[in-house]
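K.L.:
Residue numbers (this note's numbering), protein chains in the order written: chain A, 8 to 324; chain B, 8 to 324.
#1: With 16 as the cutoff for other CB atoms within 10 Å, does residue 132/B come out buried or exposed?
#2: Could you give the first and the last residue of the continuous beta strand (DSSP E) run that contains residue 110/B?
#3: Given 8 Å as the limit, is there contact between the segment 115–134 of chain A and the segment 27–41 of chain A, that is, 3 or more CB pairs closer than that?
#4: Locate the alpha helix (DSSP H) running through residue 90/B, then write down its first and last residues.
#5: Based on DSSP bridge pairs, tell me the residues matched to residue 53/B.
#6: Residue 303/A lies in the alpha helix (DSSP H); which residues open and close that run?
#7: Could you tell me if residue 319/A is buried or exposed, where buried requires 16 or more neighbouring beta carbons within 10 angstroms of its beta carbon?
#8: Taking Cβ-Cβ distances below 7 Å as the criterion, which residues of the segment 40–74 of chain A are in contact with chain B?
#9: My assumption, with CB atoms under 8 Å, is that residue 248/A sits in contact with residue 106/A. Please give the rounded CB distance.
#10: Alpha carbon to alpha carbon, how far is residue 117/B from residue 113/A? Give it in angstroms, no decimals.
#11: Quick one, which residues of the segment 79–110 of chain B are near chain A if we go by CB-CB under 7 Å, in chain order?
#12: Going by the DSSP bridge assignment, what does residue 74/B pair with across the sheet?
#13: In whole angstroms, what is the alpha-carbon distance linking residue 280/A and residue 72/B?
#14: Residues in its own chain within less than 6 Å of residue 81/A by CB, not counting five upstream and five downstream?
#15: Going along the chain, which residues of its own chain have a beta-carbon closer than 7 Å to the beta-carbon of residue 55/A, five neighbours each way excluded?
#16: From this set, 134/B, 135/B, 144/B, 136/B, which residue's C-alpha is nearest residue 124/B's C-alpha?
#17: Just the C-alpha distance for residue 170/A and residue 287/A, rounded to the nearest angstrom, thanks.
#18: Name the two residues that bound the continuous beta strand (DSSP E) containing residue 34/A.
#19: I want to see whether chain A comes within less than 9 Å of residue 30/B, judged by CB atoms only; does it?
#20: Can you give me the start and stop residues for the alpha helix (DSSP H) that residue 124/A sits inside?
#21: Between 274/A, 271/A, 230/A, 246/A, which lies nearest to residue 256/A when the distance is taken from Cα to Cα?
#22: I want to verify the contact list: residues of chain A whose CB lies under 8 Å from the CB of residue 149/B, in sequence order.
#23: Confirm the yes/no value for this check: CB of residue 85/A, any heavy atom of the ligand NAP, distance under 8 Å.
#24: Is DSSP giving residue 147/A helix, strand or coil here?
#25: Output needed for residue 273/B: all residues of its chain with C-beta closer than 8 Å, excluding positions within five of it in sequence on either side, in chain order.
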């Protein structure tokens with residue numbers, strides 16, 4: 008699947024992933040009216056509104072981008088009905104040829120991580136039959152529990168040729184609270200050496216991924232926020248074979264020129280996520296002219312602008 | 008809800024939570040046959056088998072225990088159908104008067120954590136209506152993203168009088184890989200001070216919970232594994248008002264006598280989880296006499312033994 012992601016990036020010339028993180032406040036009024044007329048102001052109505060929104064956006068941008076990243080929390084907030092639409096969105100995007108990165112940030116102790124891994128990336132044995140669950144292509148994984156919490160995901164990645172992105176340095180303002188804390192290493196001749204926790208985690212990403220390589224990159228990638236370009240530079244060098252999923256473009260602050268160091272010399276190695284910046288483009292001044300009726304065309308324009316911004320920055324590198 | 012948890016513990020004399028983490032291999036053959044006859048060897052059939060299993064266990068132990076902790080991964084592995092049974096289990100246990108701790112280990116950046124928080128503990132606005140999602144009483148939360156990833160959960164806890172348990176020191180063998188790493192603090196006169204990451208997180212738990220107190224304990228608790236009693240002792244003192252959820256009893260190794268230091272002088276402050284040890288008791292030599300047909304009676308016997316083990320250890324303290 009890492010090979011397919013790279014193929015898709017080459018085909019589109021866009022190392023971009025569209026974050027399908029639909030809050031109800033982003034969904035234009037006419038879609039909400041349509042969904043609520045059919046299902047009422049219920050969880051099912053909300054989920055249907057999200058589905059109509061997602062579908063129209065995907066239909067308008069799927070030819071421009073290699074991948075989408077639905078954020079499961081935005082579906083889970085609507086309970087079972089929301090998760091039904093998460094599943095429908097995953098399936099639909101795969102039918103459209105997109106790589107689907109499930110932003111689920113799961114992670115637990117070994118046997119429990121195994122259940123998440125088979126439920127999202129693998130297959131589950133039911134009696135004599137083998138069934139598939141959510142069946143994303145990639146998912147994001149939280150490393151706080153350590154190797155035995157991450158390795159069950161790596162095992163399923165190997166079996167299924169799928170992938171994970173491990174949280175290393177997240178894009179949010181307080182990510183440094185724990186991730187930047189200086190870890191005391193064995194003292195050397197000149198006193199005590201130390202380095203931030205995210206580097207310790209980054210080193211583990213390399214270790215976990217060493218044994219499951221696609222043609223040029225590992226099945227095990229990392230999440231590093233666009234909002235921390237300096238840390239991105241260090242982590243890029245530390246994890247040369249790890250694809251980096253970079254959230255935080257646009258709405259969270261990062262721009263193309265800040266992101267060039269997330270890429271390797273081969274022009275690959277990073278995929279930049281934008282969520283609000285794409286799916287709620289019509290709510291921004293820049294794309295307001297499209298109006299709520301043509302929200303998905305605004306999304307398309309935002310994808311093109313983002314693609315060109317990143318391509319320009321990479322050329323100027 | 009922390010007050011209800013404490014009331015329930017006092018009523019039952021058992022600071023115990025039963026982990027409803029049903030792997031299909033724990034479900035007795037006759038229930039699988041029954042479920043597969045109705046729904047086939049499908050995700051729905053698997054989920055139904057899990058439901059039959061859960062219901063019979065809950066019916067046999069609900070009067071003995073204050074709370075249950077369904078592990079959502081074990082349901083999520085069966086996709087939507089599994090999550091439907093997760094929801095049914097949550098609802099059923101609440102009807103039985105049990106406090107439900109959803110072991111979901113969610114955590115993300117601010118706006119996304121907010122979606123998880125309202126989906127699991129709060130309410131979601133749909134048009135003019137207010138709807139509820141999974142509606143557990145407590146959930147577990149992963150702190151790796153820092154304060155802005157945790158505070159949205161705390162906010163909903165305040166509004167709903169519900170609670171969270173933040174992962175501080177987990178029970179798994181490699182939990183130390185990151186959680187035990189020594190964090191370099193500001194140097195004092197005698198050189199560089201340092202302490203493990205789990206203490207830094209524990210300190211934050213105190214801070215997050217200070218402002219949302221029940222009668223005697225905070226809505227914000229912590230997860231500390233039974234398998235690390237020495238760390239438990241330190242964390243107990245550091246977080247006097249935090250209830251500690253202690254996984255790892257029995258199958259993972261901990262026993263009553265190892266756990267006394269997780270409790271405060273008031274005999275409260277900790278709730279010990281056992282999953283396999285209770286729900287798969289009939290598969291252990293000790294309870295084999297019950298047989299697969301009477302698996303839920305074996306669970307009852309295991310709960311009574313666990314209650315007595317912990318009560319004995321607390322008396323001897």
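No residue lacks a Cβ here, since even glycine has one placed at the ideal position from N, Cα and C.
P.N.:
Looking at the atomic coordinates:
#1: The Cβ neighbour count for residue 132/B, taken over all protein chains shown within 10 Å, is under 16; the residue is labelled exposed.
#2: Its beta strand (DSSP E) spans residues 106–113.
#3: Contact between the segment 115–134 of chain A and the segment 27–41 of chain A is absent, because fewer than three Cβ pairs lie under 8 Å.
#4: Secondary structure note for residue 90/B: its alpha helix (DSSP H) is the uninterrupted segment 86–102.
#5: The secondary-structure analysis by DSSP pairs residue 53/B with nothing; it has no beta-bridge partner.
#6: That run of the alpha helix (DSSP H) goes 302–323.
#7: An exposed status is given to residue 319/A, since fewer than 16 other beta-carbon atoms sit within 10 Å of its beta-carbon.
#8: Cβ contacts with chain B: 43, 48, 49, 50, 52, 53.
#9: Contact flag wrong, Cβ pair sits at about 18 Å.
#10: If I take the Cα positions, the gap works out to 16 Å.
#11: The segment 79–110 of chain B vs chain A, Cβ under 7 Å: 80, 81, 83, 84, 85, 86, 87, 90, 91, 94.
#12: Beta-bridge pairing links residue 74/B to 24/B, 106/B.
#13: It is roughly 46 Å from the alpha-carbon of residue 280/A to the alpha-carbon of residue 72/B.
#14: Same-chain partners within the cutoff: 28, 29.
#15: Take residue 55/A, set aside five residues on each side of it, and the residues of its chain with a beta-carbon closer than 7 Å to its own are 42, 45, 46, in chain order.
#16: That would be 144/B, whose Cα lies nearest to the Cα of residue 124/B.
#17: Between residue 170/A and residue 287/A, the C-alpha separation is close to 28 Å.
#18: No residue range can be given for residue 34/A, since it is assigned to no beta strand (DSSP E) and is classified by DSSP as neither H nor E.
#19: Interface residue, yes.
#20: Looking at the DSSP string, the run of the alpha helix (DSSP H) that includes residue 124/A is 117–127.
#21: For residue 256/A, the closest of 274/A, 271/A, 230/A, 246/A by C-alpha to C-alpha distance is 230/A.
#22: Ordered by position in chain A, the residues that pass the 8 Å Cβ test against residue 149/B are 112, 114, 149, 151.
#23: No copy of the ligand NAP occurs in the structure displayed, which carries no ligand at all.
#24: Correct three-state label for residue 147/A: strand.
#25: Here residue 273/B has 223 as same chain residues with Cβ atoms under 8 Å from its own Cβ, once five neighbours each way along the sequence are excluded.
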